[in-house]
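Data block below; observations after.
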Amino acid sequence: MRLSTRLLAGVAVVGIAGMSTTLPASETTTYSYDAFGRLVQSTVSGGPSSGWKSRSCFDHADNRTNYYMGSGTPPGCPSVAPAPTPSPSPSPSPTPTPSPTPTPTSSQGPVTQDDSVSIPCNTSSNVNLLSNDSDPAGNTPLVLQSITRTSGSSTATKISSTSVQVNALDKGYSYFTYTVADSAGKTATGQLTVQSTGTVANCVDGGSLN
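Mapping of the sequence shown onto mature numbering (1 follows the signal peptide of the UniProt record, and there is no 0): residues -25 to -1, 1 to 185, in sequence order.
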């Protein structure tokens, strides 16, 4: 608590025209401040107001709640409850990290899509069987290993790592099964359908290619 003192000094004796007057004795006022710099009490000593006191009381929000002025003993200030500490806001739950999509393993083989071609009988056509095939594991390039006829009279001969040459003979449909392998050595099979078109007169059993 900080104290401050003010002195009021009177003139001792004034003589005018043979008269003399004695002024009051000096007066001292002591001020008291709290830790926040607020004036909470003053006390006068000396002079005609000696013993005069004042006191102010404050709450935790700096509002004056009580004020006393008089010559008696000032009443004590009520204890001030500390300001409540606000409860911390709950921390938001972290957003879960999505699980990454698993990378396909090399145990997965190629995925084939069936192929088909329609050509006139006694003609030929080259077909890329792997253009629509894929490998989920990314084990490329894919390679055509073999092709086998399962029914019909047309033929299909492997001419590269991806393609066959189809020879259309009798009118109708011929079916083939081909095998494809990826770079990891996994294999899969697909189907090729060949439609031989034309009239019966032009498409005879055992007909030859032009």
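Each residue gets a CB set at the ideal place from its N, CA and C atoms; glycine is no exception.
Quick check: A131 and V139, are their CB atoms within less than 8 Å of each other?
Cβ distance < 8 Å, so A131 and V139 count as in contact.
Between Q88 and L105, what straight-line distance do the alpha-carbon atoms span, to the nearest angstrom?
Those two C-alpha atoms are separated by around 8 Å.
Let me know the secondary structure DSSP gives Q83 once reduced to three states.
Q83 carries a coil assignment under DSSP once its states are collapsed to helix, strand and coil.
Expressed to the nearest angstrom, what Euclidean distance is found between the alpha-carbon atoms of A112 and T162?
Those two C-alpha atoms are separated by around 13 Å.
Where K161 sits in the DSSP three-state scheme
Note: K161 maps to coil in three-state DSSP.
Just to confirm my understanding: we take G21, look at its own chain, exclude 5 residues before and 5 after, and list those with CB closer than 7 Å. What are they?
Closer than 7 Å at Cβ, skipping near neighbours: A(-1), S1, E2, T3.
Can you give the Cα-Cα distance for S121 and S128, rounded to whole angstroms?
One C-alpha to the other measures close to 18 Å.
Please report the straight-line C-alpha distance between S149 and K133, rounded to a whole angstrom.
Spanning the two alpha carbons is a distance of roughly 16 Å.
Per DSSP, which one or two residues make a beta bridge with I122?
DSSP lists Y153 as the bridge partner or partners of I122.
Just checking my contact of S91 with T168 at CB under 8 Å: how many whole Å lie between their CB atoms?
About 4 Å; that satisfies the 8 Å criterion.
Shortest alpha-carbon distance to P23 belongs to which of T137, S7, S46?
Of the listed residues, the one whose Cα sits closest to P23 is S46.
Exposed or buried, G160, counting other C-beta atoms within 10 Å across all chains shown (16 or more means buried)?
So G160 counts as exposed.
For Q88, which of helix, strand or coil comes out of DSSP?
If DSSP states are grouped into helix, strand and coil, Q88 belongs with coil.
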